[in-house]
Amino acid sequence: MKSILTLFILLLFAAAGNSQTNFVKDTGYVGIGTISPGSRLHIVDNTRSYYVNRGIPGYTRDGDGLDYILLHEIYDGINLTTEHFVMGLITGIRGGAGAYNRKLTLQVNTASAYNSTSGSLLTYNEISRLVTLVYNSKKYLAVQISRQATLFYFSFTGYATNAALQLVRDNTVTDVVEFKPTDPIGIMGDLSLGTYSRNLAKLEIGNGPVWTTNNWNKAIRLSYDGAIEFPGTTKTFGMGTKESSFYFFSGNTDGTGAADYYMVADGTSGNVAIGGRPVSNYKLVVDGSLGARKVKIQQGTWSDYVFHENYKLLSLPETEEFIKSNKHLPDVPSEAEVKREGVDVGEMNKILLQKIEELTLHIIKLNKDLSILNVKVATLQEQLEKK
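All letters in the sequence shown, in the order written, are residues -21 to -1, 1 to 366 by mature numbering (1 follows the signal peptide of the UniProt record, and there is no 0).
Take a look at the structure:
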């Protein structure tokens, strides 16, 4: 209270000392450097107007259509001869008996001059965006307020020149188009979002909303077709989504030309491809060579059935006849089949082992036959020696 009284006394002295530029209106508006204040406190210095709590009449509707706060006029085919800008804070609130407390805070930094428009917008509590629109036959830059519960008591504090700062409704505007700012917003220092830490990283994100039944905390969400860039010296790398797939890719450092897809994951089938595109029926496709220190393949069956009593082992003459007719071993895929369908490594190893086991059985049989033959030869030799 004491500080407010001191400020009021200083304002009175200032008004008395320079009655041509300092003014107190009968509305209670106070002007410093101006005789036509537009807010409770309006300061003009170096031709710039600074407003404190400049009221924006009206209120938004309770989920019934979109509302817009007009900021200032913009280029519409005819060059602007004066500057237009809004740099400051727009706030709106709702609360009281029987109502939830809600608040809207917008940090606005926009400007238009001649034939160009630039700006940025930071929003707190409620999601809003910058748009261009036509109102009363004039083109404006405006803030679009989402369909939420009613907000009122809007005000602006900051610098403004030729500003509209007017609340309008969607049925009074046309040609609404999203404005895509390119102005940079810089932060020098470490930044923590949703968590608190010091010097762990330039950016740390934590405590996001729960995502999926696996209880992931969602930290970052990109828009459709969004990607993250990782610049390199001769190539730039990225990862992002397109349609229903996730991509790891590289491209030229200047962003021109087609991207090279190093890995693609199909979100519908769960199939993955390295160096190519996912193929149905294959969980992983590698277009190129694959190196590994160890590969383990799980098999449902193995070729031990060759040693079962009821296994039908082809005789060597039968095998020879099959080879003459088909030009490959029984149960082994032909060259044409391999070229057409490829080789199942696990199945092929089982078939090769099957052939080794069959060959082993043939060798065992031949060894038995040879043993019998050796006995017969020894017997004949013994008989010959007795003669």
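All C-beta atoms in this analysis are idealised placements derived from N, C-alpha and C, irrespective of residue type, glycine included.
Count the other CB atoms, across all protein chains shown, that sit within 10 Å of the CB of residue i; report buried if there are 16 or more and exposed otherwise.
| i | result |
| --- | --- |
| Ser304 | exposed |
| Pro210 | exposed |
| Val152 | buried |
| Arg73 | buried |
| His287 | exposed |
| Phe131 | exposed |
| Leu120 | buried |
| Val354 | exposed |
| Gly12 | buried |
| Leu201 | exposed |
| Tyr93 | exposed |
| Gly168 | exposed |
| Val9 | buried |
| Gly98 | buried |
| Val156 | exposed |
| Tyr103 | exposed |
| Phe(-9) | Reliability fails at Phe(-9), whose pLDDT of 48 lies under 50, so the model's placement of it is uncertain and the value that follows must be treated cautiously. Exposed, because fewer than 16 other Cβ atoms sit within 10 Å of the Cβ of Phe(-9). |
| Pro16 | buried |
| Asn250 | buried |
| Arg177 | exposed |
According to DSSP, simplified to helix, strand and coil, what is residue i?
| i | result |
| --- | --- |
| Ser282 | helix |
| residue 444 | Residue 444 falls outside the range modelled here, since the chain spans only -21 to 366, and no answer is possible. |
| Ile48 | strand |
| Ser176 | coil |
| Ile199 | coil |
| Met327 | helix |
| Asn141 | coil |
| Leu292 | coil |
| Ser350 | helix |
| Ser304 | helix |
| Lys355 | helix |
| Ile276 | coil |
| Ile35 | strand |
| Glu222 | coil |
| Val9 | strand |
| Ala238 | coil |
| Arg319 | helix |
| Leu269 | coil |
| Leu(-10) | Note that Leu(-10) scores 49 on pLDDT, short of 50, meaning its location in the model is unreliable; the coordinates nonetheless yield the value given after this. Helix, per DSSP. |
| Lys344 | helix |
| Arg19 | coil |
| Ile207 | strand |
| Lys82 | strand |
| Thr191 | coil |
| Gly(-5) | Its pLDDT being 47, under 50, Gly(-5) is placed unreliably in this model, and the value from its coordinates should be taken loosely. Three-state result, Gly(-5): helix. |
| Ile53 | coil |
| Leu(-17) | Reliability of the predicted coordinates at Leu(-17) is poor, the pLDDT of 48 falling under 50, and the value obtained from them is presented with this limitation in mind. Helix at Leu(-17). |
Could you check how far apart the C-beta atoms of residue i and residue j are, in whole angstroms? I think they sit under 8 Å.
| i | j | result |
| --- | --- | --- |
| Thr111 | Lys118 | 6 Å |
| Ile35 | Ser91 | With a Cβ gap of about 19 Å, Ile35 and Ser91 do not count as contacting. |
| Thr48 | Leu146 | A small correction: the amino acid at residue 48 is Ile; Thr does not occupy that position in the sequence shown. Confirmed, Cβ separation roughly 6 Å. |
| Arg27 | Tyr138 | 6 Å |
| Thr220 | Asp204 | 7 Å |
| Arg148 | Asp24 | In fact, because the Cβ distance is near 36 Å, the residues do not count as touching under 8 Å. |
| Ser268 | Asp245 | Wrong, their Cβ atoms sit about 23 Å apart, outside the cutoff. |
| Leu292 | Leu340 | 6 Å |
| Gly236 | Gly217 | Not really, about 13 Å apart at Cβ, beyond 8 Å. |
| Leu109 | Phe64 | The Cβ separation is near 14 Å, so there is no contact. |
| Ala143 | His51 | 6 Å |
| Lys329 | Gln277 | Lys329 to Gln277, Cβ: 12 Å. No contact. |
| Pro309 | Thr298 | 7 Å |
Restricting to Cα atoms, I'd like to know which of the options is closest to residue i.
| i | options | result |
| --- | --- | --- |
| Leu59 | Tyr30, Leu45 and Asn141 | Asn141 |
| Val264 | Val243, Val9 and Asp149 | Val243 |
| Lys181 | Leu68, Val189, Leu172 and Gly56 | Leu172 |
| Leu85 | Met66, Val113, Asn94 and Thr96 | Met66 |
| Thr161 | Thr96, Gly217, Tyr103 and Asn115 | Thr96 |
| Val31 | Thr232, Leu20, Ser107 and Pro163 | Leu20 |
| Asn194 | Leu201, Arg200 and Asn186 | Asn186 |
| Arg40 | Ser125, Gly254, Ser313 and Leu68 | Ser125 |
| Thr70 | Ser15, Leu144 and Phe133 | Phe133 |
| Glu105 | Asn346, Val122 and Thr89 | Val122 |
| Lys344 | Lys306, Ala357 and Ser294 | Ser294 |
| Ser282 | Glu222, Asp239 and Leu338 | Leu338 |
| Asp266 | Glu297, Tyr240 and Ser248 | Tyr240 |
| Tyr114 | Ser107, Leu101, Gly98 and Asn150 | Asn150 |
| Thr212 | Glu222, Asp233, Ile14 and Phe228 | Asp233 |
| Glu326 | Glu361, Phe135 and Thr280 | Thr280 |
| Asp55 | Glu208, Ser116 and Gly98 | Ser116 |
| Phe228 | Gly98, Val311, Ile207 and Pro163 | Ile207 |
| Lys82 | Ile335, Gln127 and Lys365 | Gln127 |
| Asn88 | Tyr261, Asp43, Gly270 and Phe135 | Phe135 |
| Lys262 | Ala271, Leu352 and Ala252 | Ala252 |
Report the residue ranges of all beta strand (DSSP E) runs contained in full by the region 90 to 174; include only those spanning at least 3 residues, in chain order.
-> 95 to 103, 107 to 114, 117 to 124, 131 to 140, 142 to 148, 152 to 157 and 170 to 172
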